[in-house]
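Have a look at the structure below before the remarks.
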Amino acid sequence: MHGGASWLRRHPVAALIVIGTALRLCFAAGIGLGVDESYMVTAGRAIGLGYFDHPPASWWMSAGIAHLTGSEAPIVVRLPFIAVFALSTFLMARLGTWYGGRRAGFYAALALNLSPVFGVTSASWVLPDGPLDCALIAAALALAHALAAADPGRVSRAWITAGLCAGLALFSKYSAALTLLGALAYLILAPRRRALLARPGPWVAGLLALAVFAPVVAWNAAHHWASFAFQGARAEAAHFHPIAPFTVLGGEALFVLPWIWAPMMVLAIGALRRGARDDRSFLLLCLGAPPILAFFVIAAWSSQRVLFHWAAPGYLMLFPLLGDWLARRMAARDGHVRRTLIGTAIFIVAAVFFVIGAVRTDALHPLLVAAGARHDPVLEGIDWISLRRELAKRGLLDRPDTVFAATSWRDGGKIGIALEPRQKLLCLSDDARQFAIAAPPARQIGKDVLILVPGAPGTLPPDVAGAFAGVTRLAPLSVRHGGRDLLPVGLFLGHDLRRWPAG
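Numbering (the numbering used here), first residue to last: 49 to 551.
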């Protein structure tokens with residue numbers, strides 16, 4: 049025991065990684081794939097240079113390990129994302145050490161792990177945010193080393209690394225461009241750094257980032273700029289919503305955790321007041337501000353709901369400031385800060401195991417019924433494997449050339465996980481997203497199609513029915529969990545697909 053405690057004291061970051069990884073493995077094994085995860089795994093089975101929703105990095109990670117292992121079990125497809133976050137924790141410790149010393153580095157990494165939007169969801173789920181965060185931290189760390197060189201404008205290994213990591217961030221999620229614009233803003237706004245814009249280092253880094261991102265541009269050009277158009281539409285103006293930016297800010301605080309978010313914002317304001325006089329704080333502020341400000345402003349007019357985690361990369365860059373503050377408070381034996389850190393760790397661990405228990409035992413069902421809840425959240429936390437069993441009993445999975453279809457991309461992901469990867473799955477919807485590219489319905493013209501409609505056992509959307517020569521209603525299925533039926537699923541056989549789109 050004494051030796052173990054001594055090792056923990058000597059290697060706190062390594063201990064943080066080991067403990068955090070063990071908890072995430074439990075979480076990954078304990079619940080099924082969420083709606084977005086199921087969609088990415090199912091629609092991403094066909095590997096390409098681009099995808100409708102996001103650049104390829106996260107799609108390749110889940111598809112790669114599924115092909116390698118022959119399994120799409122939740123813990124399997126989540127493994128690369130858990131591993132990437134372990135690297136993110138190490139890199140954040142290094143970035144915090146650059147900013148304020150080793151203790152600051154440890155507390156920056158600890159706070160990152162305690163923040164749910166980073167340490168729980170991005171750290172373990174099949175989402176583009178995990179590889180995005182890791183690449184952005186690596187790029188920021190490389191940039192910091194490049195700027196600290198005796199001749200910062202010279203092309204060096206640090207500038208090359210910064211460029212490649214920036215490219216990987218863009219290869220993960222388009223919003224990485226906001227953080228990279230922050231790096232450019234820093235070079236322009238910091239008086240003693242402006243001369244670097246006339247030197248080759250930053251430009252070589254920029255060209256390398258674009259080179260890594262180039263395949264995504266090529267894919268978009270070959271697909272009518274589908275992905276750029278889809279993401280760009282989220283910033284289109286509709287109506288002025290004066291309250292929405294503050295709602296988004298409040299949601300971001302909730303996702304980060306209010307007692308982490310509040311001191312982080314105070315420290316950011318302090319860095320803004322000091323400006324370029326405090327070079328390190330100013331660099332992190334310039335990297336972090338664009339995502340936070342951009343989505344705050346976009347929320348005021350966007351026709352679509354701005355999701356709270358979109359601005360997370362902005363807060364990511366402020367953890368070194370928070371880590372330094374926490375290190376100083378802990379050195380001063382601040383009991384309140386110590387209790388808050390311990391309490392937050394207990395809260396996060398308890399919440400993770402509560403979610404696992406609630407999903408696996410269906411323990412919340414009586415409470416949901418008593419409250420009159422119209423939606424059962426357990427549906428999103430389980431894989432709909434019961435559908436596979438029912439289809440197999442009816443002999444509907446015996447033929448590999450059988451074509452299945454969902455009527456929305458959300459249902460398509462869940463249904464796709466329930467089916468075997470070899471089964472053909474279409475999405476008969478005007479908003480089919482990646483399904484429309486991975487499995488175009490037009491390629492199945494003349495085929496019979498088994499259509500699954502969750503929540504509507506007796507109803508088939510008119511536009512879908514009109515695409516076939518005829519439709520036969522079959523006995524419905526059910527998503528079952530914990531010995532009860534959670535969701536009825538209509539089953540229809542569409543005869544002779546004649547056209548798609550139906551109109």
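For each residue, glycine too, the CB sits at the ideal point set by N, CA and C.
Fair warning: this is a prediction, and the values are worked out from it, not measured in the lab.
Asp-496 and Trp-358 have their alpha carbons spaced roughly 41 Å apart.
Residue pairing by DSSP places Arg-386 opposite no residue, since no beta bridge is assigned to it. Relative to the Cα of Leu-389, the nearest Cα in the group Leu-160, Thr-507, Leu-534 belongs to Leu-160.
Straight-line spacing of the CA atoms in Leu-162 and Thr-392 works out to 7 Å. DSSP places Ile-499 inside the beta strand (DSSP E), whose first and last residues are 497 to 502. Uninterrupted alpha helix (DSSP H) stretches at least 4 residues long and entirely within the region 308 to 379 occur at 327 to 346, 360 to 364, 367 to 379, given in chain order.
Here the alpha carbon of Arg-381 sits roughly 30 Å from the alpha carbon of Phe-133. For Ala-231, the closest C-alpha among the options Asp-372, Arg-328, Ser-119, Arg-387 is that of Arg-328. For Ala-490, same chain residues with a beta-carbon under 7 Å away, outside a window of 5 residues either side, are Trp-548 in chain order.
Pro-200 and Ala-187 have their C-alpha atoms roughly 15 Å apart. Counting the other Cβ atoms within 10 Å of the Cβ of Asp-459 gives 16 or more, which makes it buried. The residue among Tyr-147, Leu-180, Ala-197 with its C-alpha nearest the C-alpha of Phe-129 is Leu-180.
In the displayed model, Ala-225 falls within a helix according to three-state DSSP. When Cβ pairs closer than 8 Å are counted between the two stretches, the region 306 to 320 is seen not to touch the region 249 to 256, the count staying below three. Shown here for Ile-65: same chain residues with a beta carbon closer than 6 Å to its own, the five before and five after excluded, namely Ala-134, Thr-137 in chain order.
Unbroken alpha helix (DSSP H) stretches of 4 residues or longer found wholly inside the region 153 to 223: 177 to 196, 205 to 218, given in chain order.
Taking a contact to require three or more Cβ pairs closer than 8 Å, the region 349 to 366 and the region 217 to 228 qualify as touching. Taking a contact as a CB-CB distance under 8 Å, the pair Leu-302 and Val-174 does not count as one, their CB atoms being some 23 Å apart. Under the Cβ criterion (8 Å, minimum of three pairs), the region 98 to 108 counts as touching the region 479 to 490.
By the CB criterion at 8 Å, Ala-342 and His-289 fall outside the cutoff. In this structure, DSSP gives Asp-511 a helical state, which the three-state scheme calls helix. Counting along the chain, the unbroken beta strand (DSSP E) around His-543 starts and ends at 532 to 545.
Taking the Cβ atoms as the reference, Ser-86 lies roughly 7 Å from Gly-464, within the contact range of under 8 Å. Leu-245 counts as exposed, since fewer than 16 other beta carbons sit within 10 angstroms of its beta carbon. Considering only Ala-515, Ala-513, Ala-517, Gly-506, the residue with the shortest C-alpha distance to Pro-524 is Gly-506. Using a Cβ distance threshold of 8 Å, Leu-522 and Val-426 do not count as a contacting pair. Rounded to whole angstroms, Asp-101 and Gln-279 show a C-alpha spacing of 7 Å. With contacts defined as CB atoms closer than 8 Å, Gly-371 and Gly-144 qualify as a contacting pair. By the Cβ-count criterion, Glu-284 is exposed, with fewer than 16 other Cβ atoms from all chains shown falling within 10 Å of its own Cβ. Spatial neighbours of Arg-241 in its own chain (CB-CB distance under 6 Å, excluding positions within 5 residues in sequence) are listed in chain order as Leu-235. The beta carbon of Asp-410 sits closer than 7 Å to those of Val-426, His-529, Gly-530, all from its chain and outside the five residues before and after it, given in chain order. Here DSSP, grouped into helix, strand and coil, assigns Ala-480 to coil. The DSSP-derived three-state label of Pro-104 is coil. Around the beta carbon of Ile-317, fewer than 16 other beta carbons lie within 10 angstroms, which makes this residue exposed. In the DSSP annotation of this structure, the continuous segment of the alpha helix (DSSP H) that includes Pro-248 starts and ends at 248 to 270.
Secondary structure of Ser-119 (DSSP, three-state): coil.
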